[in-house]
Amino acid sequence: SEYVSRYHWLQDSKDLARAKLYFAKAAGIFNLNETKQKTTQFAVLGIAALDLYKATNNSKYLDFASLLIREKQNESCQSLLDCALTAFFAEEFFQVSQNSQYKSFRDTLLETAVAGGYDDQGYPAFVRALGAFHSFNTIDLYTPHDNFILAGLLMKP
Numbered sequence: 187s188e189y190v191s192r193y194h195w196l197q198d199s200k201d202l203a204r205a206k207l208y209f210a211k212a213a214g215i216f217n218l219n220e221t222k223q224k225t226t227q228f229a230v231l232g233i234a235a236l237d238l239y240k241a242t243n244n245s246k247y248l249d250f251a252s253l254l255i256r257e258k259q260n261e262s263c264q265s266l267l268d269c270a271l272t273a274f275f276a277e278e279f280f281q282v283s284q285n286s287q288y289k290s291f292r293d294t295l296l297e298t299a300v301a302g303g304y305d306d307q308g309y310p311a312f313v314r315a316l317g318a319f320h321s322f323n324t325i326d327l328y329t330p331h332d333n334f335i336l337a338g339l340l341m342k343p
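Reading the sequence shown from the start, the letters are residues 187 to 343 in our numbering.
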C-alpha cells in the first residue's frame, strides 16, 4: 500500500511496479488455510489488494481481496488490532463494491472492538477515565494506531 500511495503522490511508475512486485511476493507466500494468518495479515494483504485494484483497475486484485474478506467473515477478531484493521478493510471493500453486507461486517467488528476493548464503563474507566480502546488482553496497553483507526471508522455513517 505504501508504494501505491507513493505512486499517487509522485506519479512514478516505478512505485506502482514495486507495489505489484511486493504484493505478488506476499500473496505468493500467503497460506489461506493457516489459522494464525487469519488475523491482521488478512486485512493488511486485503487492503493492499484493494489499493492495487484502485490504481490499476485489474480485477485480479479485487478478486483476491474478495476471497480474503469472505474468508475473514467466518472468523472473529483475535485482538483489538485485528478488529481495527479488518474493520478498515471491510469499509474499504464496501466503498469499492457498494455491497452493504461489508458495511454490516464493519459494524459488527466495531461492536466487537467496543465490547472487548473500550473502557467507557466499569473499573478501567473509573481508574483511567481515558475513554479509549485498550488491548483485549490487558487494560494497560492503549495503542494510538488502533484508537485512530477505530475512531475514524466510528465516525462513518
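Glycine included, each C-beta is placed from N, C-alpha and C at the ideal position. Keep in mind the model is a prediction, meaning the values are calculated, not measured.
Determine the extent of the alpha helix (DSSP H) in which residue i is found, giving its start and end residues.
i	result
residue 336	330-340
residue 302	286-303
residue 227	226-242
residue 257	245-258
residue 327	First-last for residue 327: undefined, no H or E at that position.
residue 209	199-215
Classify residue i as helix, strand or coil using the three-state DSSP reduction.
i	result
residue 319	strand
residue 281	helix
residue 188	helix
residue 263	coil
Among the options, which has the Cα closest to the Cα of residue i?
i	options	result
residue 250	321, 333, 214 and 319	214
residue 212	255, 263, 260 and 234	234
residue 227	201, 197, 207 and 258	258
residue 282	330, 248 and 341	248
residue 256	329, 266 and 229	229
residue 142	267, 297 and 284	Outside the shown range of the chain, which is 187 to 343, sits residue 142, and nothing can be said about it.
residue 304	286, 337, 284 and 277	337
residue 252	287, 339, 318 and 195	287
residue 278	263, 236 and 296	236
residue 208	269, 265, 190 and 342	190
residue 264	240, 243 and 302	302
residue 346	231, 342, 199 and 280	A query on residue 346 cannot be resolved here, the shown segment of the chain reaching from 187 to 343 and no further.
residue 339	280, 285 and 328	280
residue 205	192, 343, 318 and 196	192
residue 254	245, 240, 238 and 231	231
residue 181	342, 323, 343 and 269	Look at the range of the chain in this structure, 187 to 343, and you will see that residue 181 is not part of it.
residue 261	187, 246 and 298	298
- Task: Decide if the segment 292-308 is in contact with the segment 266-280; the criterion is three or more beta carbon pairs, one per stretch, under 8 Å apart.
- Result: yes
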